[in-house]
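Visitor: This is the structure I want to talk about, given as structure tokens.
Protein chains in written order, with the working numbering: chain X, 1 to 169; chain E, 170 to 497.
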């Protein structure tokens, strides 16, 4: 993405009521987040603005670029989580969405996975419920579940680590 | 413990939607949903992530703009006009098969009218164990749990009742000339737009419950269909030429279905036959019937009050209750 355009978008965010702006084009994602004072409400000129660019993992599709801009209202940011410290040999299964974490398909059913269990690629490990829509979360890799980091029925954030997995082989 | 942000999000949506032209101050909304300003802001942010759009004025007041075409139960509920069909909604992003989960839930006592819906199916099933192509977010993949008190022998007709309700709904809401292909498909211009899979749990003289599974191709483009379905399948988007709102389509279908199902429970198939025959694409046509390894060619002439297809061959009328029918 061109630097000029990023600068333009950053300026747009800084000079407006927008707290966060995500822009995607050709599979690249740009996220601009305005930082807030401790009281959370008012942004003062000169407060740093964070810019994150995600490069596409795959080649963009040959179809015309899908463009999407989503605006998030100016609002206090919730306390940012400190990044999950993890041993290098473990991999994390992260939540792809904001929602409520459930270990099992129904309240009285046994959990999808237990600590110590081996999971396969594509195996369902938990459910994240968002506004009553159940999302089954699958493991992206084969390995042994070494830790569950979220209690049943607790809210989770986007990108929050749910399980630590020790990869096999 | 306080209410979940998701529940507050649903409440605040209700408030904003009631007056979409009006901007609401966030502290006022917080008071109305009995929560705090910070939580309401969190809920709004969550809603934006889920595809809702809002507009803010210069004093940070908020107004509802649009909702996503996603199968959130509250979103389906917002469109529904039925009395009991779809009033209990089980919604998943991904399921092996909505019919399988509906069957299990019905076994555990889920009430009549419960629907199970998923954004995609990984093992969607059609009749005779065939797969049903159910890509994410492009179609409606849903199953309805029913508890009719009719004799089990009458219940297979529910497939054609469902197909008929769907054809009516597509005609009413999208002006599409959808046809019914006995016993369980819905076609537009000869291409399959929807299929129905009815599964029954019954004892000898009594049905425990019925699960009616419906797969509707809604927003697929031609290239979204795998090669083996091209030239056989179509979608509502391909037929109307524009993106179709899935939730409105679902609501129109469930309303038409409820009306026909209530009639069917009361008086069986007979009062519904005129509507079914009107939209049947087989009647009056020469068809090829394949039953097991036997194939005959005959003319489809009628649908009987027990749901059988009547065909005429060499002056003789035959009843067809199973098998594969193709127009020739």
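Virtual Cβ for every residue (Gly too), placed ideally from N, Cα, C.
Alpha carbon to alpha carbon, what distance is there between residue 96 of chain X and residue 83 of chain X?
Guide: Low confidence applies here, because residue 83 of chain X scores a pLDDT of 46, under 50, leaving its location unreliable and the question unanswered by this model.
Visitor: What residues in its chain sit with their C-beta under 6 Å from that of residue 155 of chain X, if we drop five residues either side in the sequence?
Guide: Contacts found: 100.
Visitor: Provide the residue(s) that pair with residue 154 of chain X in DSSP beta bridges, ordered along the chain.
Guide: The partner list for residue 154 of chain X (beta bridge, DSSP) is empty, contrary to what the question assumes.
Visitor: Note down, one range per segment and in chain order, each alpha helix (DSSP H) of at least 4 residues found wholly within the segment 329-363 of chain E.
Guide: Those alpha helix (DSSP H) runs which fall completely within the segment 329-363 of chain E and span 4+ residues do not exist here.
Visitor: According to the neighbour-count rule (16 or more other Cβ atoms, all chains shown, within 10 Å of its Cβ), is residue 422 of chain E buried or exposed?
Guide: Burial call: buried.
Visitor: Per DSSP, residue 283 of chain E is paired with what?
Guide: Bridge partners of residue 283 of chain E: none, in fact.
Visitor: Is the segment 345-365 of chain E close to the segment 392-409 of chain E, with three or more CB pairs under 8 Å?
Guide: The segment 345-365 of chain E vs the segment 392-409 of chain E: in contact.
Visitor: Identify every residue that forms a DSSP beta bridge with residue 412 of chain E.
Guide: DSSP output for residue 412 of chain E lists no bridge partner at all.
Visitor: Using a beta-carbon distance cut-off of less than 9 Å, what residues from the segment 253-269 of chain E approach chain X?
Guide: Listed by position along the chain: 258, 259, 260, 261, 262, 263 and 264.
Visitor: Please check the pair residue 98 of chain X and residue 158 of chain X, which I expect to be a contact at CB under 8 Å, by giving their CB distance rounded to whole angstroms.
Guide: The pair is a contact, with the Cβ atoms about 5 Å apart (cut-off 8 Å).
Visitor: Alpha helix (DSSP H) containing residue 207 of chain E: first to last residue?
Guide: Start and end: 206-218.
Visitor: Consult DSSP for residue 437 of chain E and reduce its assignment to one of helix, strand or coil.
Guide: In this structure, residue 437 of chain E counts as coil in the three-state DSSP scheme.
Visitor: Can you confirm whether residue 60 of chain X, when its beta carbon is compared against all beta carbons of chain E, has any partner nearer than 7 Å?
Guide: For residue 60 of chain X, the pLDDT reaches just 33, beneath the cut-off of 50, and the residue's location in the model is therefore unreliable, leaving the point undetermined.
Visitor: Using a Cβ-Cβ cut-off of 8 Å (strictly less than) and excluding sequence neighbours within five positions of residue 263 of chain E, which residues of its own chain qualify?
Guide: These residues qualify, in order along the chain: 287, 288, 289, 290, 291 and 305.
Visitor: Which runs of the alpha helix (DSSP H) spanning at least 4 residues fall entirely within the segment 376-424 of chain E, listed in chain order?
Guide: Fully enclosed alpha helix (DSSP H) runs of 4 or longer: 405-409.
Visitor: Could one say the Cβ of residue 285 of chain E lies closer than 7 Å to chain X's Cβ atoms, at least one of them?
Guide: It does not: the Cβ of residue 285 of chain E has no partner Cβ on chain X nearer than 7 Å.
Visitor: In the DSSP output, which residue or residues are listed as bridge partners for residue 471 of chain E?
Guide: Residue 471 of chain E is bridged to E:479.
Visitor: Please list the segments of the alpha helix (DSSP H) lying wholly inside the segment 112-150 of chain X, counting only runs of 4 or more residues, in order along the chain.
Guide: The qualifying runs do not exist here; there are none.
Visitor: How is the alpha helix (DSSP H) around residue 174 of chain E delimited, first residue to last?
Guide: It spans 174-187 - the alpha helix (DSSP H) in which residue 174 of chain E sits, taken as one unbroken run.
Visitor: Taking the straight line between their C-alpha atoms, what separation do you get for residue 487 of chain E and residue 460 of chain E?
Guide: For residue 487 of chain E and residue 460 of chain E, the distance between alpha carbons rounds to 13 Å.
Visitor: If you follow the alpha helix (DSSP H) that residue 224 of chain E is in, where does it begin and where does it stop?
Guide: Not the alpha helix (DSSP H): residue 224 of chain E falls in the beta strand (DSSP E), residues 222-225.
Visitor: What distance in whole Å lies between the Cβ atoms of residue 220 of chain E and residue 131 of chain X, which are believed to be in contact at a cut-off of 8 Å?
Guide: About 11 Å; that fails the 8 Å criterion.
Visitor: State whether the segment 411-429 of chain E contacts the segment 337-350 of chain E, with contact taken as three or more CB pairs (one from each stretch) at a distance under 8 Å.
Guide: Segments in contact, yes.
Visitor: Chain X partners of residue 380 of chain E, CB-CB under 9 Å?
Guide: Here the premise fails: no neighbours, minimum Cβ distance about 18 Å.
Visitor: Where do the N-terminal and C-terminal ends of the beta strand (DSSP E) with residue 259 of chain E fall, by residue?
Guide: Here the beta strand (DSSP E) through residue 259 of chain E covers 258-264.
Visitor: Could you work out which residues of chain X lie near residue 175 of chain E, taking near to mean beta carbons separated by less than 9 Å?
Guide: Neighbours of residue 175 of chain E on chain X, chain order: 98, 99, 100, 129, 130, 131, 132 and 155.
Visitor: Label residue 484 of chain E either buried or exposed according to how many other C-beta atoms from any shown protein chain fall within 10 Å of its C-beta, with 16 as the threshold for buried.
Guide: So residue 484 of chain E counts as exposed.
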